[in-house]
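Colleague: If you're matching positions, the sequence shown starts at -10 in my numbering and goes up one per residue.
Sharing a structure below in structure tokens format, with a few things to ask.
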Amino acid sequence: MAYKTINGKTYKSVISPGVKSCFLKGSSIDILTKKAGNTHVSWRKNSKANGYQVQYSTKQSFKKARVKTVKGQNKKSAKLSKLKNTKSYYVRLRGYVRKGKKKYYSHWSTCAKIIPWNGKWEFAGYSKIHTDSATLYFSSAPKTKKKTVCINAGHGTKGGESVMTLCHPDGSGKVTGGSTAAGAIRATSINSGTVLNDGTTEAQATLKLAMVVKKKLLKAGYNVLMVREGEDSQIDNIGRTVFANNCADYHIALHYDSSSSDKGAFYISVPENKSYRNMYPVSKNWKKHNKLGKNLVWGMENAGVKIYGKGEMAIDLTQTSYSTIPSVDLEVGDKSSNHSNKALKTIASGIVKGMNK
Ligand SMILES: [Zn+2]
-10 MAYKTINGKT YKSVISPGVK SCFLKGSSID ILTKKAGNTH VSWRKNSKAN GYQVQYSTKQ
50 SFKKARVKTV KGQNKKSAKL SKLKNTKSYY VRLRGYVRKG KKKYYSHWST CAKIIPWNGK
110 WEFAGYSKIH TDSATLYFSS APKTKKKTVC INAGHGTKGG ESVMTLCHPD GSGKVTGGST
170 AAGAIRATSI NSGTVLNDGT TEAQATLKLA MVVKKKLLKA GYNVLMVREG EDSQIDNIGR
230 TVFANNCADY HIALHYDSSS SDKGAFYISV PENKSYRNMY PVSKNWKKHN KLGKNLVWGM
290 ENAGVKIYGK GEMAIDLTQT SYSTIPSVDL EVGDKSSNHS NKALKTIASG IVKGMNK
């Protein structure tokens, strides 16, 4: 923790007169997004800093990195320019204090990585909306788990309802009903979701929860891949699944169910249907999906979240139909569920417990 860079050299816990007072605790990246070609980074401000430096590079070593200096201690965001649309970028930041003519820097934050869409990924051709990038956040916990969890805040893609995609990669029809009827070959690429009883849209509620889950998972040592961190993310359901398949080890989509009875949380399990369970990639992964779902529900119950029945409901989902990693749709509650900050923290703790298991 105690690192300091003076004139380009990094020192550990330097204590000398006049220098100690310049010691800065590092800032960390809060949100990094790339939308419609624009890259934005925001951070939690450091009350002692006079300004910040943001570094970005296509290399994790930050060789030949570009630097953006942001003056002013109250600044907490910046726009990064001239990023190529087809390349991944690593971004990190540090604060500085000025003393006379010298600048003293804090240590660099852990980095985050912007990942653009890759049309060569398996099933990429099935997605219709994928102009935004996903972001991978690296954990700065002392002991990392070396696993990446994709947190997918359900819904929140403008225009997603007017675009259709194939329910199954092999073109067969849905084997169960759900938001799309059984037998349907195509479904909306992503729908707008339900509206909770207090007027909050499901997309707003899942986003708020996703941000809490992200923070807790990072703290617990997991890297986190985010496919939506604002009101709108131009990545449809298949797109989010393909991002998760290629950049994460687990995929958790967060949703609120459209019932109004406050019935409790559950996961969407893989239907007991022979042809569905025999269809690739479901055939290779359905057991893993169900295991992940069971563990997450176990974790939530353990954290004090109300659980619906046995904690599962079998539905043929587009997400499941394209997932090549353990992947689950988690219905954390319904339209009547409490979604206060406290309730969200409880759910998030449950998800971390479930992941640890
Ligand atoms: Zn939903």
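Glycine included, C-beta positions come from ideal geometry on N, C-alpha and C.
In this text, all values refer to a predicted model and were calculated from it rather than measured experimentally.
Quick check for students: name the residue ranges of the beta strand (DSSP E) that lie wholly in the stretch 93 to 139, counting only runs of 3 or more.
Modeller: 101 to 104 and 123 to 126
Colleague: Going by DSSP, which residues form a beta bridge with residue 215?
Modeller: 124 and 140
Colleague: State buried or exposed for residue 326, treating a residue as buried only when at least 16 other CB atoms are found within 10 Å of its CB.
Modeller: Burial call: buried.
Colleague: If we count Cβ pairs, one from each stretch, closer than 8 Å, do we get three or more for the stretch 137 to 151 versus the stretch 224 to 232?
Modeller: yes
Colleague: Quick check on the contact list: which residues have their beta carbon closer than 6 Å to a heavy atom of ligand 1?
Modeller: 143, 144, 182, 191 and 244
Colleague: Could you tell me if residue 49 is buried or exposed, where buried requires 16 or more neighbouring beta carbons within 10 angstroms of its beta carbon?
Modeller: Residue 49 should be labelled exposed.
Colleague: Whole angstroms is fine: what's the gap from residue 104's alpha carbon to residue 119's?
Modeller: 12 Å
Colleague: Mark residue 170 as exposed unless 16 or more other C-beta atoms lie within 10 angstroms of its C-beta, in which case mark it buried.
Modeller: exposed
Colleague: Whole-angstrom Cβ separation of residue 72 and residue 101, contact assumed at under 8 Å?
Modeller: About 13 Å; that fails the 8 Å criterion.
Colleague: For residue 190, which of helix, strand or coil comes out of DSSP?
Modeller: strand
Colleague: If I measure Cβ to Cβ from residue 9 and keep anything under 6 Å in the same chain, skipping five residues before and after, which residues do I get?
Modeller: With a pLDDT of only 41 at residue 9, under 50, the local geometry of the prediction cannot be trusted, and no value is derived from it.
Colleague: Only counting runs of 3 or more residues, tell me where the beta strand (DSSP E) segments fall wholly within the stretch 142 to 173, in order along the chain.
Modeller: 153 to 155
Colleague: Please give the ranges of any alpha helix (DSSP H) in the stretch 239 to 289, keeping only runs that are unbroken, at least 4 residues long and fully inside the region.
Modeller: 263 to 267
Colleague: Looking at the structure shown, is residue 44 part of a helix, part of a strand, or coil, going by DSSP?
Modeller: In the structure shown, the three-state DSSP call for residue 44 is strand.
Colleague: In this structure, how does DSSP classify residue 331 when only helix, strand and coil are distinguished?
Modeller: helix
Colleague: Go through its chain and collect everything with a Cβ distance to residue 173's Cβ below 8 Å, but skip five positions before and after it.
Modeller: 156, 162 and 163
Colleague: Okay, do the stretch 331 to 346 and the stretch 284 to 297 touch, 3+ Cβ pairs below 8 Å being the bar?
Modeller: In this structure the stretch 331 to 346 touches the stretch 284 to 297; the number of beta carbon pairs closer than 8 Å is three or more.
Colleague: Roughly how many angstroms separate the alpha carbons of residue 198 and residue 188, rounded to a whole number?
Modeller: 16 Å
Colleague: Verify whether the separation of the beta carbon atoms of residue 312 and residue 267 is less than 7 Å.
Modeller: 7 Å or more divides the Cβ of residue 312 from the Cβ of residue 267.
Colleague: So residue 310 is in the alpha helix (DSSP H); what residue range does that whole segment cover?
Modeller: 307 to 311
Colleague: Quick one, are the C-beta atoms of residue 210 and residue 255 less than 7 Å apart?
Modeller: For residue 210 and residue 255, no; Cβs fall outside 7 Å.
Colleague: Could you spell out the range, first to last residue, of the alpha helix (DSSP H) harbouring residue 233?
Modeller: Note, residue 233: alpha helix (DSSP H), 226 to 236.
Colleague: With a cut-off of 8 Å, do at least 3 Cβ pairs link the stretch 233 to 251 to the stretch 41 to 57?
Modeller: no
Colleague: Using DSSP with H/G/I as helix, E/B as strand and the rest coil, what is residue 82?
Modeller: In the structure shown, residue 82 sits in a strand (DSSP, three-state: E or B).
Colleague: Would you say residue 186 and residue 324 are within 7 Å of each other, going by their C-beta atoms?
Modeller: yes
Colleague: Quick one: what's residue 296 bridged to in DSSP?
Modeller: 254
Colleague: Based on DSSP bridge pairs, tell me the residues matched to residue 33.
Modeller: The beta-bridge partner set that DSSP reports for residue 33 is empty.
Colleague: Here's the rule: buried if 16 or more other CB atoms are within 10 angstroms of the residue's CB, otherwise exposed. What is residue 6?
Modeller: Because residue 6 sits at a pLDDT of 38, beneath the cut-off of 50, its placement in the model cannot be relied upon, and the following sentence gives the value as read from the coordinates. Residue environment for residue 6: exposed (fewer than 16 other C-beta atoms within 10 angstroms of its C-beta).
Colleague: Less than 8 Å between C-beta atoms, sequence neighbours within five positions excluded: which residues of the same chain meet that for residue 129?
Modeller: 17, 98, 99 and 207
Colleague: Please classify residue 212 as buried or exposed, where buried requires at least 16 neighbouring CB atoms within 10 angstroms.
Modeller: buried
Colleague: Using CA atoms only, rank isn't needed, just tell me which of 122, 35 and 117 is closest to residue 25.
Modeller: 122
Colleague: Could you name the residues of the same chain whose beta carbon sits closer than 8 Å to that of residue 77, not counting the 5 residues immediately before and after it, in chain order?
Modeller: The residues 47, 102, 103, 104 and 105, in chain order, have a CB closer than 8 Å to that of residue 77 in the same chain once the five nearest residues on each side in sequence are set aside.
Colleague: Please state whether DSSP places residue 27 in a helix, a strand or coil.
Modeller: Residue 27 falls in the strand class under three-state DSSP.
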